[in-house]
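**Student:**
2 protein chains.
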Amino acid sequence: MVILFNMEKKLIAERFKALQNSICLQVEKEDGKGTFQSDIWTRTEGGGGDTKILTNGLVLEKGGVLFSEVYGPVSDKMKSSFDFQNEEFYATGVSIVMHPSNPFVPIIHMNIRYFETGTSWWFGGGIDLTPIYIDEKEAKYFHQKLKDTCDKTDFHFYSKFKDWADNYFFLPHRNETRGIGGIFFDRLTTKNTGKTKEEIFDFVIGIGETFAPVYTQIMNTKKNIPYSEKNKEWQGIRRSRYVEFNLLYDKGTKFGLESDGRVESILMSMPPLAQWPYNYKPAENSLERKTLDLLVKNKAWI
Amino acid sequence: MVILFNMEKKLIAERFKALQNSICLQVEKEDGKGTFQSDIWTRTEGGGGDTKILTNGLVLEKGGVLFSEVYGPVSDKMKSSFDFQNEEFYATGVSIVMHPSNPFVPIIHMNIRYFETGTSWWFGGGIDLTPIYIDEKEAKYFHQKLKDTCDKTDFHFYSKFKDWADNYFFLPHRNETRGIGGIFFDRLTTKNTGKTKEEIFDFVIGIGETFAPVYTQIMNTKKNIPYSEKNKEWQGIRRSRYVEFNLLYDKGTKFGLESDGRVESILMSMPPLAQWPYNYKPAENSLERKTLDLLVKNKAWI
Chain A
4 MVILFNMEKK LIAERFKALQ NSICLQVEKE DGKGTFQSDI WTRTEGGGGD
54 TKILTNGLVL EKGGVLFSEV YGPVSDKMKS SFDFQNEEFY ATGVSIVMHP
104 SNPFVPIIHM NIRYFETGTS WWFGGGIDLT PIYIDEKEAK YFHQKLKDTC
154 DKTDFHFYSK FKDWADNYFF LPHRNETRGI GGIFFDRLTT KNTGKTKEEI
204 FDFVIGIGET FAPVYTQIMN TKKNIPYSEK NKEWQGIRRS RYVEFNLLYD
254 KGTKFGLESD GRVESILMSM PPLAQWPYNY KPAENSLERK TLDLLVKNKA
304 WI
Chain B
4 MVILFNMEKK LIAERFKALQ NSICLQVEKE DGKGTFQSDI WTRTEGGGGD
54 TKILTNGLVL EKGGVLFSEV YGPVSDKMKS SFDFQNEEFY ATGVSIVMHP
104 SNPFVPIIHM NIRYFETGTS WWFGGGIDLT PIYIDEKEAK YFHQKLKDTC
154 DKTDFHFYSK FKDWADNYFF LPHRNETRGI GGIFFDRLTT KNTGKTKEEI
204 FDFVIGIGET FAPVYTQIMN TKKNIPYSEK NKEWQGIRRS RYVEFNLLYD
254 KGTKFGLESD GRVESILMSM PPLAQWPYNY KPAENSLERK TLDLLVKNKA
304 WI
């Protein structure tokens, strides 16, 4: 029984690792210049990871595709912040953040993860798009692709996980969503989904496999749009909100820092450059204003 | 009794407001170009403030000198995060953050504050310097001036509050102090200091009055040093650590956000521009490396 249990998590980790490699290849191809560089690291308390970073590509200014597999004792901080009921934990996942240089190419984030503590296990994950300038056609395309993937497992998943994303990727102090959302889910088990472990795993892998074709399509459509200094400034401001979300609210960042993960891997999500002009207000009827007005919860993009 | 009590806090608030004006005048004079613009705001639940911001000066890229006086019901968030034992609170203070454009002029922060909840009152505050390039002579000057001010009230204050600052202005995930520290103190009362309320108030005002002459002296010494692109990049990186500290750990930022304060005032502490290159490591024997090596706790600067 223990052997089977250990095999399962190893199989999940191996599948995640393979996904990481496949995503890197597809993104490199679309970027046309940058290549992902590997930083393989180990964690003192147990486990480690492979942080693959691409910088100064043709499309991507900074992008990371991270695999990690960490385990060991549950710290007091992890207990209080994450309600882990056992003394040991195991976690493996793939995390992605892409910061393109062209302000018309959106920022994207994707994460899939598997946890074990004691005899409990669960899957979590999410994918969300943060356009600097919201394009409703692109938003519709993105959400439709996520819905298609969700529908393969359960017709209720998309609307449930879309609402979850709206509430999760939200900055209460700004009263803004981070972007156009996507899907978010956590602690999926057989009990709360009615699915077998294999079915949930297939769903999670399906989300992982949706990432590269969808994002490279978006990169391809937008990467050659000319942009101005004003567009870059607005990108700097939107990126600052991304920083605020990740440092103030993101649970993955919190988990990483509180479990003494590798700082440069956890904070690869930070943009290469961000701007905080005091009290910036976009002009009425500007494209910037239009985007800001669309950063609301519960918008039906499809 | 109630009238006397209310008069006291009003007198404190008025003295803080006068200090804000005096500091702005002194800083403007040294900057030589920028002027502080006032944003007067009110808080729905009670109180408000005057946010004075200088942007694009000759020396300062972005600087804020804020006065606020807020009061009203204690929210559940405030109760759990700040251990407020009563249903109502009153808080007034002055907060300063200065981000100069020249990387050889350090970032500075100062805050003094007064709280009341129920029949309890306390003072808190701090001042700390964040040089992009640490200059040990400047660090000695800065700490000596703080010690001189502390010594006027109590010969034990400097070393006690200097240690407190070392522990407070610290980024555990980076294992770095934010800068060369300074002093930090919180919840000072008659009981824990052996001083009268007037004596503690005088000490706090003394710290406030130390700010402008000390910082304008530092601005004056450093503002004309020529700098390179490399110096600006290092400034962008040090500023990103400043962002990390304020969003991950700073209690003032947390209090502001959790008490539904004005976002643009709370986050005026953010630098105009910050950079997060992946896994930046300064070269051996470089000036950047030397600064990084000095970002440690318990260094005796004087």
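So the protein sequences, as listed, match chains A and B. Per our numbering, the very first residue in the first sequence carries number 4; after that it's consecutive. Per our numbering, the very first residue in the second sequence carries number 4; after that it's consecutive. We put the beta carbon where it would ideally sit given N, CA and C, even for glycine.
#1: Which residues of chain B have a Cβ atom closer than 8 Å to the Cβ of ASP42/A, listed in chain order?
#2: Buried or exposed, going by whether 16 or more other CB atoms sit within 10 Å of the CB of LEU146/A?
#3: Beta carbon of PRO175/B, beta carbon of ILE135/B: below 8 Å?
#4: Say whether chain B places a C-beta atom closer than 8 Å to the C-beta of SER243/A.
#5: Give me, in chain order, the residues of the same chain whose beta-carbon lies closer than 6 Å to that of ASP34/A; leave out the 5 immediate sequence neighbours on both sides.
#6: Since LEU3/B and GLU247/A are thought to touch, with beta carbons under 8 Å apart, how far apart are those beta carbons, to the nearest angstrom?
#7: Mind checking if TRP304/A is an interface residue toward chain B, Cβ cutoff 8 Å exclusive?
#8: Where do the N-terminal and C-terminal ends of the beta strand (DSSP E) with ILE130/B fall, by residue?
#9: Can you list, in chain order, the residues of its chain with a C-beta nearer than 7 Å to that of ILE305/A? Leave out the 5 residues immediately preceding and following it.
#10: Would you mind giving the Cβ-Cβ distance between PHE92/B and GLU72/B, rounded to the nearest angstrom? I have them listed as a contact below 8 Å.
#11: Taking contact to mean at least 3 C-beta pairs separated by less than 8 Å, is the region 185-205 of chain B in contact with the region 151-170 of chain B?
#12: Note down the Cα distance separating PRO274/B from ILE240/A, rounded to an integer number of angstroms.
#13: Run through DSSP, which three-state label would PHE259/B get?
#14: Going along the chain, which residues of the region 238-266 of chain B sit with their C-beta nearer than 8 Å to a C-beta in chain A?
#15: List in chain order: all unbroken alpha helix (DSSP H) runs of 4+ residues lying wholly within the region 103-190 of chain B.
#16: Residues bridged to SER84/A by DSSP?
#17: What residues from the region 37-61 of chain A come within 8 Å of chain B, judged by C-beta to C-beta, listed N to C?
#18: May I ask you to report which of helix, strand or coil DSSP gives LYS65/A?
#19: Residues of chain A with a CB under 7 Å from the CB of MET271/B: which are they?
#20: Express the C-alpha separation of PRO106/A and GLU139/A in angstroms, rounding to a whole number.
#21: Fully enclosed by the region 211-263 of chain B, which alpha helix (DSSP H) runs are 4 residues long or longer?
#22: To the nearest angstrom, how far is it from the Cα of TRP167/A to the Cα of PHE173/A?
#23: Could you tell me whether the region 110-117 of chain B touches the region 202-212 of chain B, where touching means 3 or more Cβ pairs closer than 8 Å?
#24: Just verifying my parser: in three-state terms, what is the DSSP assignment at GLY37/A?
#25: Return the CA-CA distance between THR219/B and LYS20/A, expressed in angstroms with no decimal places.
#26: Report all residues from its chain with a CB closer than 7 Å to the CB of VAL1/B; omit the five preceding and five following residues, and keep chain order.
#27: Terminal residues of the continuous beta strand (DSSP E) containing LEU57/B?
#28: State the Cα-Cα distance for the pair GLY128/A and ASN301/A, rounded to the nearest angstrom.
#29: Against HIS320/B, what residues of chain A qualify as contacts under a CB-to-CB distance less than 7 Å, listed in chain order?
#30: By the three-class DSSP mapping on this structure, what secondary structure does MET306/B have?
#31: For a contact defined as C-beta to C-beta under 7 Å, what are the partners of GLN278/A on chain B?
#32: Do we get a CB-CB distance below 8 Å when we pair VAL5/B with the residues of chain A?
#33: Which word fits GLY121/B, buried or exposed, when buried means at least 16 other C-beta atoms lie within 10 angstroms of its C-beta?
#34: Under 9 Å between beta-carbons, which chain A residues line up against LYS65/B? List them in chain order, please.
#35: Drop a sphere of 10 angstroms on the beta-carbon of ALA94/B, count the other beta-carbons inside from all chains shown, and report buried for 16 or more, exposed for fewer.
#36: Checking 8 Å against the spacing of the C-beta atoms, do THR133/A and GLY182/A come in under that value?
**Tutor:** On the basis of the supplied data:
#1: Correct list: ASN282.
#2: For the record, residue 146/A in the displayed sequence is His; it is not Leu. By the beta-carbon neighbour count (other beta carbons within 10 angstroms, threshold 16), HIS146/A is buried.
#3: no
#4: Yes, contact with chain B.
#5: Here the set comprises GLY60, LEU61, VAL62 and LEU63.
#6: Residue numbering for chain B in the displayed model covers 4 to 305; residue 3/B lies beyond these limits and cannot be assessed.
#7: No, no contact with chain B.
#8: 123-133
#9: LYS143, HIS146, GLN147 and LYS150
#10: Not confirmed; about 12 Å, so no contact.
#11: yes
#12: Taking the straight line from one Cα to the other gives about 12 Å.
#13: The residue you asked about is not Phe; residue 259/B is Gly in the sequence shown. Residue state, collapsed to three classes: helix.
#14: So the list reads GLY239, SER243, VAL246, GLU247, LEU250, LEU251, LEU260 and VAL266, given in the order they occur along the chain.
#15: 139-156 and 160-171
#16: DSSP, once it has assigned bridges, lists no residue as partnering SER84/A.
#17: Residues of the region 37-61 of chain A with a C-beta atom less than 8 Å from some C-beta of chain B are ASP42, ILE56 and THR58, listed in chain order.
#18: strand
#19: TYR281
#20: Here the alpha carbon of GLU139/A sits roughly 16 Å from the alpha carbon of PRO106/A.
#21: 232-251 and 254-261
#22: 10 Å
#23: yes
#24: Note: GLY37/A maps to coil in three-state DSSP.
#25: 54 Å
#26: Only positions 4 to 305 of chain B appear in the structure, and residue 1/B is not among them; the question remains open.
#27: Unbroken beta strand (DSSP E) run through LEU57/B: 50-58.
#28: 20 Å
#29: Residue 320/B lies beyond the stretch modelled for chain B, which goes from 4 to 305, so this question has no answer here.
#30: Given a span of 4 to 305 for chain B in the structure shown, any question on residue 306/B remains unanswerable.
#31: PRO275 and LEU276
#32: Its pLDDT being 42, under 50, VAL5/B is placed unreliably in this model, and the coordinates cannot settle the point.
#33: exposed
#34: TRP279, PRO280 and TYR281
#35: ALA94/B comes out buried.
#36: Result yes, Cβ atoms of THR133/A and GLY182/A sit closer than 8 Å.
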